[in-house]
Amino acid sequence: MTSAKLDPFYPVVDRLDWVRRMLGAGAKLIQLRIKDRPAEELRGEIRDALALARKAGADLVINDFWEIAIDEGAKFLHLGQEDLDGADLKAIKAAGLKLGVSTHTHEELDRALSIDPHHIALGPVWPTILKKMPFAPQGVERVTEWKRLIDDRPLVAIGGLTPERARLCLDAGADVVAVVNDVLGAVDPEARAREWIAVTRETA
Numbered sequence: 001m002t003s004a005k006l007d008p009f010y011p012v013v014d015r016l017d018w019v020r021r022m023l024g025a026g027a028k029l030i031q032l033r034i035k036d037r038p039a040e041e042l043r044g045e046i047r048d049a050l051a052l053a054r055k056a057g058a059d060l061v062i063n064d065f066w067e068i069a070i071d072e073g074a075k076f077l078h079l080g081q082e083d084l085d086g087a088d089l090k091a092i093k094a095a096g097l098k099l100g101v102s103t104h105t106h107e108e109l110d111r112a113l114s115i116d117p118h119h120i121a122l123g124p125v126w127p128t129i130l131k132k133m134p135f136a137p138q139g140v141e142r143v144t145e146w147k148r149l150i151d152d153r154p155l156v157a158i159g160g161l162t163p164e165r166a167r168l169c170l171d172a173g174a175d176v177v178a179v180v181n182d183v184l185g186a187v188d189p190e191a192r193a194r195e196w197i198a199v200t201r202e203t204a
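Residue 198 in the UniProt record's numbering is what sits at position 198 of the sequence shown, and the numbering runs on without skipping anything.
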């Protein structure tokens, strides 16, 4: 399988305003992961975020809400292992969505590869405060192992990353490095995003 190259800097955000701010900082690949919002408000945020990304020439990945992603003409979708259970994978494929899947174990990787995803995410590479994880930190060595196992699909590393750790992941075989807290929780998120961009694109 041959996959198109993705931008290495991959902020994960939870609302439209963050999409706008990350685009303004120069992001070209953003995941919109919205939780606990009313259905119509959710659809409107996704629609507006997709419009902003298209105008900026960036890729927006919709997390979880595959039906809205199809309806609104998204190009990218991300599903966690639990999300796979209720998703219509045939409909997703028929719509031409490029699917990314989260993995934490070899069993989850085998499951993900069985549905021929566009890209694979591995995490947490380092401990993360974003949410309670039932999995131990994977470590950089697992990044190299995963890249070997997924062929030429893009590999996304996530979990506890800083620009310095992101560079280690890229050197270990990751194609993309995802971030939440290190950018969104910074005193100046746009400036921090530009630091990430400088580090991750320097050899891309």
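We treat Cβ as the ideally placed atom computed from N, Cα and C, and that holds for glycine. Quick caveat: nothing in here was measured; it's all calculated off a predicted structure.
Opening and closing residue of the alpha helix (DSSP H) in which residue i lies
i, result
"D182", "181–184"
"V199", "189–201"
"H106", "106–114"
"T144", "140–149"
"G80", "No alpha helix (DSSP H) holds G80; DSSP gives it neither H nor E."
"A53", "39–56"
"R21", "16–25"
Contact belief for residue i with residue j at Cβ below 8 Å, rounded distance in angstroms
i, j, result
"R194", "A25", "6 Å"
"D175", "L161", "Rounded, the Cβ-Cβ distance is 14 Å, inconsistent with contact."
Which of helix, strand or coil DSSP assigns to residue i
i, result
"Q31", "strand"
"K5", "coil"
"L122", "strand"
"P163", "helix"
"I158", "coil"
"A87", "coil"
"A172", "helix"
"Y10", "strand"
"A69", "helix"
"A178", "strand"
Cβ pair residue i, residue j closer than 9 Å
i, j, result
"H78", "D64", "yes"
"L52", "A74", "no"
"I158", "L109", "no"
"W146", "I115", "no"
"T200", "V177", "yes"
"I34", "R15", "yes"
"L122", "H104", "yes"
Delimiting residues of the beta strand (DSSP E) encompassing residue i
i, result
"G73", "Counting along the chain, G73 falls outside any beta strand (DSSP E), and DSSP gives it neither H nor E."
"D59", "59–63"
"G100", "98–103"
Exposure of residue i, with buried meaning 16 or more beta-carbon neighbours within 10 Å
i, result
"K98", "buried"
"R148", "exposed"
"A198", "exposed"
"G100", "buried"
"T2", "The predicted position of T2 is uncertain, since its pLDDT is 42 and thus under 50; no value can be drawn from it."
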